[in-house]
Each structure stands twice: as C-alpha cells, then as structure tokens.
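Asks: Counting with my numbering, you get residues 183 to 391 for the letters of the sequence shown.
In this text, a Cβ means the ideal position worked out from N, Cα and C, and glycines have one as well.
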Amino acid sequence: MEHEKDAGPATGSLRERKKRETRQRISDVATTLFAARGFDHVTVAEVAKAAQVSTMTVFNHFPRKEDLFLDRIPEAVELFSDAVRDRPDGTPALTGLRELLLRLLDQRHPLAGVGDTFPHFWRIVLGSPALRARAREGVEELEDALAEAIGGPGARLTAALTVAAYRTVYVTTAGRLLAGERAADIAEDHRARVNAAFDALERALPPGT
C-alpha cells in the first residue's frame with residue numbers, strides 16, 4: 183500500500199510532464215507551418231498530422247486555432263495576476279507589476295518582446311486578421327484578470343491604465359525591431375520606458391496603488 187501511495191504523485195508528475203511536452207510539440211510544429219505558409223493557410227488538421235496527434239488532442243491543448251500561435255496569453259494572465267497577488271504585504275500593486283516587467287526583460291522572456299527573433303513573429307500576426315483579433319482579446323483578458331487580482335475601488339481603472347501603458351512600451355519596441363534595430367541596442371531604452379510608464383502611473387493613480 184505504501185508503494186501505491188508513493189507512485190501516485192510520481193505518476194501524476196509524469197503525466198503532467200508528458201502533457202506539457204505534447205503541448206509544446208504541437209505549438210512548435212504549428213509555428214513552423216504558420217511561418218512557412220501563413221497562419222490563414224494552415225488548418226488544425228494539418229497541424230495535428232504534422233505533430234502526429236489527433237485533431238481532438240490539438241483542441242484539448244488549444245481551444246482555438248489562434249491559440250496555437252498566441253500560446254502565451256494564459257502565461258501572461260497568470261504572471262500579471264501573480265505579481266499582484268503574491269507581492270509582499272504593504273507593497274503597491276504597481277511596484278509588483280513594475281518588478282515583473284523588468285524581470286521579464288532581464289530574462290529576455292518572450293513576453294518582454296525584446297529579441298532579434300521577434301519581428302518574424304509579429305509579421306505573422308500582422309499578416310492575419312484572425313491573429314490580430316485574438317491578440318486584442320488577449321489584452322482584454324489580461325486587463326480583466328489584473329482588475330480581479332487588484333480588487334477594490336478603482337481596480338478596473340488601474341488595470342486598464344497599466345495594460346495600456348505597457349502595451350505602448352511593447353508596441354514601440356516592436357516597431358523599432360521591425361524597422362531593423364537590434365534588441366541589444368534598444369533593451370536599455372525599453373527598460374527606461376517601462377520605468378517612465380510606471381512613474382507616470384504612480385503619479386496619476388492614488389498613492390499606494
């Protein structure tokens with residue numbers, strides 16, 4: 183009986199790892215196909231065949247075709263929400279969010295948007311009305327989750343202004359990379375614009391927000 187108890191968590195852990203690996207493989211295969219042929223010219227069935235899984239398995243991991251490419255929206259929602267919920271007592275929500283965004287930059291995390299490979303990603307998004315629409319929905323989902331995490335009076339305004347401020351920083355960086363500038367040359371400017379955006383938010387919103 184003790185052996186069976188010990189095997190449970192290990193089995194669960196192995197199952198979760200395999201699920202993550204399958205999800206990543208499907209996403210990688212989809213991204214390769216989208217890059218080669220364009221998002222709107224690839225079907226979910228073709229992605230499933232190339233990834234050697236069923237179409238149902240694809241939809242089990244990605245509810246919509248657009249989520250195969252914009253697969254980091256759930257991660258962004260989780261990271262932003264956790265930055266607020268897990269901040270130390272007495273720390274303003276804006277401080278937790280500023281620290282998160284600077285940490286993502288230091289890690290060159292894809293959600294920071296600072297990297298020499300990202301222009302190719304953005305061109306695929308810009309070339310597809312469906313992906314552009316899903317990206318806008320993702321921004322709304324992020325704003326909703328952030329407002330819930332902040333809670334209390336003014337939470338919706340704080341969330342909306344914070345997401346808008348960072349979107350402005352992100353889009354500016356994307357535009358410069360698309361224009362041919364190198365990530366290494368604009369990373370510190372990105373950092374400065376994140377800090378400037380949050381300085382402005384702190385001035386505009388009630389103290390301690």
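(1) Just mark Arg280 as buried or exposed, buried being the case when its beta carbon has 16 or more other beta carbons within 10 Å.
(2) Alpha carbons only, please: which of Arg305, Pro245, Thr299, Phe380 is nearest the one belonging to Arg364?
(3) Which residue's Cα is closest to the Cα of Arg305: Val266, Phe221, Glu330?
(4) Between which two residues does the alpha helix (DSSP H) holding His223 run?
(5) Figure out for me which residue from Leu387, Pro335, Thr355 has the closest Cα to the Cα of Pro292.
(6) Indicate whether Pro320 and Ala366 have their beta-carbon atoms separated by less than 9 Å.
(7) Pick out whichever of Ile368, Ala218, Leu276 has its Cα sitting closest to the Cα of Asp381.
(8) Please list the segments of the beta strand (DSSP E) lying wholly inside the segment 223-298, counting only runs of 3 or more residues, in order along the chain.
(9) Quick one: what does DSSP say Pro311 is sitting in, helix, strand or coil?
Replies: On the basis of the coordinates in this document:
(1) Around the beta carbon of Arg280, 16 or more other beta carbons lie within 10 angstroms, which makes this residue buried.
(2) It is Thr299.
(3) For the residues Val266, Phe221, Glu330, the minimum Cα distance to Arg305 belongs to Phe221.
(4) Taken as a continuous stretch (DSSP letters only), His223 belongs to no alpha helix (DSSP H), as it is neither H nor E.
(5) Comparing alpha-carbon positions, the option among Leu387, Pro335, Thr355 lying closest to Pro292 turns out to be Thr355.
(6) What sits at residue 320 in the sequence shown is Gly, not Pro. No; because the gap between Cβ atoms is not below 9 Å, this pair is not in contact.
(7) If you compare the alpha carbons of Ile368, Ala218, Leu276 with that of Asp381, the shortest gap goes to Leu276.
(8) Runs of the beta strand (DSSP E) inside the segment 223-298: none found.
(9) DSSP, read as helix, strand or coil, puts Pro311 in helix.
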